[in-house]
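So for the sequence shown, UniProt numbering puts the first residue at 1; every next one is plus one.
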Amino acid sequence: MTRAQPCPGILSAPGSQPADCPWASPGARPGQHSNAGCRQKDSRLARWTSRAGGRHPRGRPTSRGIAMNLGFERILQVKIPVADLQHSVNWYRRVFGLRLAWEFGEPGVVTGAVLTDDAERFLIGLRRLDTVPGEPSLAGFDVVSLGVPSVDVLKALAERFDELGVEHGPLFDRGPGGGVQLDVPDPDGTVIRILSPFGEHAPFTGVEFGPDGAPTFYTTPHLELD
Numbered sequence: 001m002t003r004a005q006p007c008p009g010i011l012s013a014p015g016s017q018p019a020d021c022p023w024a025s026p027g028a029r030p031g032q033h034s035n036a037g038c039r040q041k042d043s044r045l046a047r048w049t050s051r052a053g054g055r056h057p058r059g060r061p062t063s064r065g066i067a068m069n070l071g072f073e074r075i076l077q078v079k080i081p082v083a084d085l086q087h088s089v090n091w092y093r094r095v096f097g098l099r100l101a102w103e104f105g106e107p108g109v110v111t112g113a114v115l116t117d118d119a120e121r122f123l124i125g126l127r128r129l130d131t132v133p134g135e136p137s138l139a140g141f142d143v144v145s146l147g148v149p150s151v152d153v154l155k156a157l158a159e160r161f162d163e164l165g166v167e168h169g170p171l172f173d174r175g176p177g178g179g180v181q182l183d184v185p186d187p188d189g190t191v192i193r194i195l196s197p198f199g200e201h202a203p204f205t206g207v208e209f210g211p212d213g214a215p216t217f218y219t220t221p222h223l224e225l226d
């Protein structure tokens, strides 16, 4: 069986805004934003948190971002564009053991669906590609990672995928503290990454991949942090 090669690339979004300023102006370079808009919305946030029972500390810039607790617990849902909704719904059900929780659309036409695991810990939304603005292609891109409790579970999943005839990558050691990954492309080529728990690691780790794909690690960010 042909297996997909691991995608070791660093996930980045060229032209994306600095992670510490969610109100940056579109197109701003890292470290630049609309100061007036930022101050305005920051003041709104301060008033909101004051009413909620006390102002949150502003935090300090670190390699991990601005340390603030705004009450977020987890990523609840990701939504993936698919060319054939019916086929993809059944693929995700069969491969990842999910169940169909919702479907939506227009009269007589289903354009999207939401699947969940048995304990409803996370949701995967699927939207028919021709209804998504821009009709994006995510082939080869690991848009989401699912966590498992151990490397043994990863190995068991790889065996399950083999039994199902599902294409997947090899178990890939991500280096110090990075855990082990297993990549599975869905019918549209969008990669679903499965990760074992991270080991002990520094507050920040940089990874650079050479021409041969071999990783090297560094401890000082190359990105400029405000």
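The beta-carbon is built from N, C-alpha and C at its ideal position, and this holds for glycine as well. Quantities reported herein were computed from a predicted structural model and do not represent experimental measurements.
Span of the beta strand (DSSP E) around residue i
i, result
"residue 88", "No beta strand (DSSP E) contains residue 88, which is instead part of the alpha helix (DSSP H) from 85-96."
"residue 206", "206-209"
"residue 142", "142-147"
"residue 106", "99-106"
"residue 203", "From DSSP, residue 203 is part of no beta strand (DSSP E); its letter is neither H nor E."
"residue 112", "109-116"
"residue 126", "123-128"
"residue 216", "215-218"
"residue 80", "77-82"
Rounded straight-line distance, which links the Cα of residue j to that of residue i
i, j, result
"residue 141", "residue 160", "23 Å"
"residue 225", "residue 204", "13 Å"
"residue 216", "residue 139", "26 Å"
"residue 145", "residue 86", "23 Å"
"residue 155", "residue 107", "43 Å"
"residue 130", "residue 80", "12 Å"
"residue 120", "residue 98", "9 Å"
"residue 91", "residue 71", "34 Å"
"residue 162", "residue 150", "19 Å"
"residue 214", "residue 222", "19 Å"
"residue 165", "residue 118", "23 Å"
"residue 193", "residue 96", "12 Å"
"residue 174", "residue 78", "23 Å"
"residue 109", "residue 220", "51 Å"
"residue 93", "residue 125", "12 Å"
"residue 211", "residue 172", "18 Å"
Check: residue i C-beta below 8 Å from any heavy atom of the ligand FAD
i, result
"residue 182", "Ligands in the displayed structure: none, and consequently the ligand FAD is not present."
Residue range of the unbroken alpha helix (DSSP H) whose run includes residue i
i, result
"residue 151", "151-164"
Nearest residue (CA-CA) to residue i, options the options
i, options, result
"residue 116", "129, 127, 101, 110", "101"
"residue 186", "169, 119, 111", "169"
"residue 196", "95, 157, 92", "157"
"residue 181", "210, 165, 148", "148"
"residue 88", "211, 167, 113", "113"
"residue 103", "96, 123, 95", "123"
"residue 132", "143, 152, 111", "111"
"residue 75", "105, 143, 93", "143"
"residue 136", "193, 189, 68", "189"
"residue 152", "179, 211, 202", "179"
"residue 202", "211, 210, 212, 218", "218"
Cβ pair residue i, residue j closer than 9 Å
i, j, result
"residue 177", "residue 206", "no"
"residue 208", "residue 184", "no"
"residue 82", "residue 128", "yes"
Beta carbon proximity, residue i to chain D, threshold 9 Å
i, result
"residue 219", "As a matter of chain content, chain D is missing from the structure shown, which is built from one protein chain."
Checklist entry - Hey, which unbroken runs of the beta strand (DSSP E) at 3 residues or more fall wholly within the segment 169-201? => result 180-185, 191-195
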